[in-house]
Amino acid sequence: MSTPRDSGCTLTGALSVTTEIEGSVTIIHGPSGCAHHNFSLLHALCAGRDDPRLPRVLSTDLAETDIIFGGEDALDAAIRRAAGKNPSIICVLSTCVTGAIGDDVEAVCRGFSGIPVISIPTAGFLGGGFHQGHVQALTSLSSLAEDDGKIPSANLVGEKTLETERDEHFNEVRRLLAAIGIPICTRFVCRTSVGEISRLSRGGCNILRDPSMEGVGRFLEERFGTPFISSFPIGSRGTIQFLEEVGRVFSLDVSGAIAEEEARQARIFHEFRSLRGKRVRFCDPSGNRTDSEVCREVASAAGMSVHPEGYPVPVPEPFPVGTEGIRRLLYRWRRACRA
Amino acid sequence: MKQIALYGKGGIGKSTTAANLSAALACRGLDVMQIGCDPKRDSTRMLMQGRLIPTVMDLVRERGDTDITREDIVYEGFMGVRCVEAGGPEPGVGCAGRGIIATFQILERLGALHADVVVYDVLGDVVCGGFAMPMREGYAEEVYLVTSGELMSLYAANNICKAISRLSSRSRSTCRLAGVICNAKNLPREEELVAEFAKRIGSFLVLYIPRDQVVQQAELNKKTVVEYAPSSNQAAVYRELASRVMDNRRMDIPVPLGIEDLENLAYEYSP
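Note that the protein sequences, when read in sequence, are chains E and A. Quick note on this note's numbering: the first sequence kicks off at 1 and runs consecutively. Quick note on this note's numbering: the second sequence kicks off at 1001 and runs consecutively.
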C-alpha cells in the first residue's frame, strides 16, 4: 500500500505500530467508529498479505454522557478488560473528542502496574497525519527500553508496517548486515516483542527506514546515545555506501563484503542484459512522468538510456530496497519494455 | 411565550437578578420557568428556599438519559416559579458545554420548555458553543447583559456581545440583544457609564439596580428580596425590572467595542 503519509489520521499511524507488537492489545479511547474504521483498514491489509491475524483492538466506546462527565472511568474499565486478555502490553491511543475534553489519559495509564500500559497521544485534529502518529507511537514506546550497554548489533527504526514489500525490504537489510557480521537487535517496530523493545538501547546503530524518521533517530540518539543511519539503502551505489556507513559505525573492515556485493550487482545487470540499449522514461504509480537520480543510475548501469519517447517504465513508491530491490525493479522494467 | 437569557461576568449578580426577576414576574400572575445553565447549579436556590435541586446532569449520571421524567427535573418554587438546573460534570473533567446542549435536548424531548416567560441564567463566560446554546434558534430571543461599571465586568459584557452579534447575524436566528442591566457596585458615575456603554454597543440601559444590604440579608434567609422584603425599595426595583422587561420591544444586533474604545470609555467616567 502506498500510504499518503502526511495526510490521514495520527491514530492510523500509531496503530500501524502498536498492532505489530506481539501479544499487544490496543485501546482506542473514543467513540466506537474511530476503532471500527481503523480495524477495517488493518484487517483488509492483513488479509491482502494472507496474514490471518486479526488486529487486537478495543474501543472505550464513548457516548455523550462520557463526553460530558469525562471518559477516564470508561478508559479505566477498558484497560481492566484488556488486562484480562493477558496481553504483553496495552497501548492506549487517544482520539479527537477525548483530546478536546482534556481526558488525562496519561494519568489513567500510570495507575496500572504489572502489564506495561503506554499512552500514545493521537488526537487527529491536532494535525500531523499518519506519519506523525507513527512517530508518536515510536517515541512513546521508547520509554519501555531499559538503559543497557551496547552490543554490536543494529536496530531497524520506523519500518512502514503497512507497505506491500515490507518483508522484502527487511530481508534485504538483514542480508546486507549479515554480510558484515551485524545481527539485528530490535525491529522498532515490526513483528516485535515487548522484550525486544526493552532491549532497544543495546543496538549499536539505528537504521532508519527513510529520512522522514530522522526525528525519531535524533530522539533515540539523545536518549540512548545511539548513532543513526538515515535510510534503508536505495540503488546500487547507495547499497555500497550503506555498507561503508555501517562499517564506519562499528569500525569494521567491509571491503570484502563490498566486493561481494558489487559482484552480486554485476550478476543482476548481466541477468537483465536484454535491457541494454533500450530507451525508457520513468513513470510514477499514477502514470505521471517522474525522474530521480537513483532511477537514472540503475538505468545507466543496465545500459539503458532515458528519452522522452522511451518505453514508460514504472518507478514504485517507495523505491525497492538494496541490491535485491534492483532485481525486482529490473524485472518490472523488462516486462514494461517487452525485452 | 417570552424567552429571555441573562449573561454577564461571573459573580456580577446574574443569578440574584434572575431569581428576583422571576419572582417579580410570578407576582404579576405570570407562569414563569427559570433554567440555571451553570454547572455551579445555584441559580434557582433562592427561589427554592435555599434548596439545591437535583440537576438534569445528576440524573443523567445516575440513570442515563432515557429514564427521566419532567417531574424529576422541574421543581416548583416561590409563587409557582418552575425551576430547572442543568448541572454538569465535576469541575476539571469532561465537557460542561456539551452538558448544557444535552440538557436542552432532554428538556425538548420532555416538552418541558413552556411558560409565559422562560428565564435562562447562563454561566459567566460564553467559553464554548455549549454555553451559547440558550442563544440559539428556538430558545432565548432576548438577551440581557448584566454588568456593573467595573471595567472587567464591561469587558465581559462586551465579549458576550461578540457572541450575540455572531449568532444574531445568522439568517434564521431570532436572538437579539434586548438591553443592558446595571447591577451596581456603587461606583461614582456608574449609571452614566453603563448607559453610555449600552448606547455605544447599539443598545440601551434597561434599569439601574442599586446596591443594597437587603440583597445579602435575603440571601442569608435563603429567599429572594421580592419574597423576603416585598415592601423594600429593592423589591420595588426588581418589580420595576419585571415591568420593563415585559414592555421592552428593543431587539438589537450589538456592535462590540474595540478594547481601546472600551478602556477609553471607562477612563472618561473614572472619578
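Here a beta-carbon is modelled for each residue, glycine too, at the ideal position from N, C-alpha and C.
Expressed to the nearest angstrom, what Euclidean distance is found between the alpha-carbon atoms of residue i and residue j?
i	j	result
E/F130	A/Y1208	58 Å
A/L1220	A/G1097	30 Å
E/G204	E/E146	14 Å
A/V1056	E/L62	20 Å
A/E1268	E/E214	59 Å
E/C91	E/L252	39 Å
A/I1068	A/G1080	22 Å
A/S1015	A/A1229	18 Å
A/N1158	A/A1184	17 Å
A/C1182	A/Q1049	26 Å
E/V189	E/V315	27 Å
E/R338	E/E245	37 Å
E/H43	A/G1124	49 Å
E/S198	E/R191	14 Å
E/Q241	E/R218	21 Å
E/R187	E/A35	25 Å
A/S1022	A/K1009	20 Å
E/H307	E/A301	16 Å
E/Q265	E/R328	12 Å
A/I1035	E/R223	55 Å
E/L378	E/H29	In the structure as shown, chain E starts at 1 and stops at 339, and residue 378 of chain E therefore has no counterpart that could be examined.
E/D104	A/C1037	26 Å
E/I180	E/G13	33 Å
E/E271	E/T19	40 Å
A/E1191	A/R1211	12 Å
E/S88	A/V1060	37 Å
E/A263	E/T323	11 Å
A/I1004	A/R1045	19 Å
E/L41	E/G310	38 Å
Since residue i meets chain A, which of its residues come closer than 8 Å, beta carbon to beta carbon?
i	result
E/F232	The premise fails here: E/F232 is roughly 45 Å from chain A at the closest Cβ pair, so nothing lies under 8 Å.
E/E72	V1093
Taking 6 Å as the limit between beta carbons, can you name the residues of its chain near residue i, skipping five residues before and five after?
i	result
E/R276	G303
A/R1051	none
A/L1193	G1149 and Y1269
E/T10	T122, G124, G128, Q132 and G133
E/D210	S231
E/L220	N206 and T226
E/D148	S201 and R202
A/I1073	V1056 and V1084
E/S274	A339
E/I151	R202
A/A1266	L1151
E/W333	V313
Using a cut-off of 9 Å between C-beta atoms, extract the partners of residue i located in chain E.
i	result
A/R1061	T65, I68 and F69
To the nearest whole angstrom, what separates the beta carbons of residue i and residue j, a pair I think is in contact under 8 Å?
i	j	result
E/F69	A/V1093	7 Å
A/D1116	A/V1032	7 Å
A/G1099	A/P1091	That belief does not hold up - the Cβ atoms of A/G1099 and A/P1091 are roughly 12 Å apart, past 8 Å.
E/N206	E/V254	Actually they are not in contact, since the Cβ atoms of E/N206 and E/V254 sit about 19 Å apart, beyond 8 Å.
A/R1172	A/E1141	Actually they are not in contact, since the Cβ atoms of A/R1172 and A/E1141 sit about 12 Å apart, beyond 8 Å.
E/L126	E/G99	7 Å
Beta-carbon within less than 7 Å of residue i's beta-carbon, same chain only, minus the 5 sequence neighbours each way: which residues are those?
i	result
E/I67	V97 and I101
E/S2	Legend: pLDDT at E/S2 = 44, less than 50; position of this residue unreliable, value from coordinates given subsequently. Within the same chain, E/S2 has close Cβ partners P285 and E317.
A/I1106	V1056, D1065 and I1068
A/H1114	M1001
So which residues of chain A does residue i contact, with C-beta pairs closer than 7 Å?
i	result
E/I101	G1094 and C1095
So residue i contacts chain E; which residues on that side make the cut at Cβ distance below 8 Å?
i	result
A/D1065	E64 and T65
A/M1133	What A/M1133 touches in chain E: nothing, since even the nearest Cβ is about 13 Å away.
A/G1129	Per Cβ cutoff of 8 Å: no residues; A/G1129 is ~11 Å from chain E at best.
A/A1086	Correct list: empty, because the minimum Cβ distance to chain E is about 10 Å.
Can you find a heavy atom of the ligand ATP that lies under 7 Å from the Cβ of residue i?
i	result
A/S1165	The ligand ATP is absent from the structure shown, which contains no ligand whatsoever.
Give me the chain E residues within the contact set of residue i, using Cβ-Cβ distance strictly less than 7 Å, ordered along the chain.
i	result
A/M1057	I68
A/G1099	I68
A/P1089	I68, F69 and G70
A/A1102	E64 and I68
Here's a check: name, in chain order, each residue in its chain whose Cβ is nearer than 8 Å to the Cβ of residue i, leaving out the five neighbours to either side.
i	result
E/R174	I184
A/G1132	Per the sequence shown, residue 1132 of chain A should be read as Ala rather than Gly. Taken in chain order, the residues that qualify are V1126, A1163 and L1167.
A/G1130	C1095, A1096, G1097, R1098, G1099, I1100 and I1101
A/S1232	D1212, V1214 and V1225
Three or more C-beta pairs below 8 Å linking the region 1145 to 1154 of chain A and the region 1251 to 1270 of chain A = yes
message = Under 8 Å: do the region 67 to 87 of chain E and the region 102 to 112 of chain E share three or more Cβ pairs, one atom per stretch?
response = yes
ask   = Three or more C-beta pairs closer than 8 Å, one from the region 293 to 312 of chain E and one from the region 127 to 142 of chain E: is that the case here?
value = no
request  = Check whether the region 256 to 266 of chain E touches the region 151 to 169 of chain E, taking contact to mean three or more Cβ pairs, one atom from each stretch, closer than 8 Å.
outcome  = no
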